[in-house]
Amino acid sequence: MGRFWFTLRESNIHILPVLHERVEFADAVRLALAEISPSTVAVELPASLEAQVLRAVARLPQVSVLLYESSRGEPLYLPVAPADPLVEALRWGMERGRRVRCVDVDIDAPMLWQERLPDPYAALRLGHRGLYEALVDHGGFAEAHPLDRLREQGMALRVRRLAQQGGRVLLVCGMAHAGRILEDLGRCLPEPMDRLER
Numbered sequence: 460m461g462r463f464w465f466t467l468r469e470s471n472i473h474i475l476p477v478l479h480e481r482v483e484f485a486d487a488v489r490l491a492l493a494e495i496s497p498s499t500v501a502v503e504l505p506a507s508l509e510a511q512v513l514r515a516v517a518r519l520p521q522v523s524v525l526l527y528e529s530s531r532g533e534p535l536y537l538p539v540a541p542a543d544p545l546v547e548a549l550r551w552g553m554e555r556g557r558r559v560r561c562v563d564v565d566i567d568a569p570m571l572w573q574e575r576l577p578d579p580y581a582a583l584r585l586g587h588r589g590l591y592e593a594l595v596d597h598g599g600f601a602e603a604h605p606l607d608r609l610r611e612q613g614m615a616l617r618v619r620r621l622a623q624q625g626g627r628v629l630l631v632c633g634m635a636h637a638g639r640i641l642e643d644l645g646r647c648l649p650e651p652m653d654r655l656e657r
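Here the sequence shown stands for residues 460 to 657, where the numbers follow the working numbering.
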């Protein structure tokens, strides 16, 4: 069957599509990082929360929950736990002295897309690539919300800038975004208008 994980790739940029908060994909991240050994690890978390996220990752294995407010005063929660593939990517990078970046756009809203997927065990049966391709081929991803497109374009722009600094870049992001981010890497994109820090 070969290796479990796979990436989409454009030049020195690797995009590893994952299911959020699933330990099976945290393991795929660990395996991919060991083989690719990128100089930069980027993840689909808001750039505005990078300092707080990195402090929480440094506290592992203790679980942290970041609490912040939307512009409307609504509470937003971000759990930082070792079983999450994005957290595993940051942990790996920090432990090895690699550049780590949160590259998502802060849209001031909770996750817009809910994963309507089978048990992540399907990834073990089909393989990482097999699950991703089955979801792409059979409409497993809903049409992108306009705010998701804003986020994807912002992530593509930020990852492309990181890649221009040299070395391999690995972006770990949700499966629903990976293909569109790959396509956006080749486009001229506007600077995202988002909150720069919290």
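All residues carry an ideal CB built from backbone N, CA and C; glycine is no exception.
Thinking residue i and residue j are a contact (beta carbons under 8 Å), I'd like their distance in whole angstroms, please.
| i | j | result |
| --- | --- | --- |
| L504 | D563 | 6 Å |
| R557 | P497 | 7 Å |
| V546 | M553 | Incorrect: roughly 10 Å between the Cβ atoms, too far for contact. |
Given a cut-off of 8 Å on the beta-carbon distance, is the pair residue i and residue j in contact?
| i | j | result |
| --- | --- | --- |
| A501 | W464 | no |
| L478 | V488 | no |
| L644 | R610 | no |
| D565 | S529 | no |
| N471 | V628 | yes |
| P625 | V595 | Note that residue 625 is Gly in the sequence shown, not Pro. No, the pair does not count as a contact, with Cβ atoms beyond the cut-off. |
| P538 | A485 | no |
Would you identify the three-state DSSP class for residue i, choosing helix, strand or coil?
| i | result |
| --- | --- |
| R610 | helix |
| I495 | helix |
| I474 | strand |
| A582 | helix |
| S507 | helix |
| P651 | coil |
| R646 | coil |
| M460 | Residue placement at M460 is flagged as unreliable, the pLDDT there being 47, under the threshold of 50; the coordinate-derived value follows with that caveat. Note: M460 maps to coil in three-state DSSP. |
| D565 | coil |
| P605 | helix |
| L467 | strand |
| E528 | strand |
| L630 | strand |
| L519 | coil |
Are there 16 or more other CB atoms within 10 angstroms of the CB of residue i, so buried, or fewer, so exposed?
| i | result |
| --- | --- |
| H473 | buried |
| Q612 | buried |
| H636 | buried |
| Y536 | exposed |
Problem - the segment 581 to 599 contacting the segment 521 to 541, beta-carbon criterion three pairs below 8 Å - result: Because the criterion of three Cβ pairs below 8 Å is not met, the segment 581 to 599 and the segment 521 to 541 do not touch.
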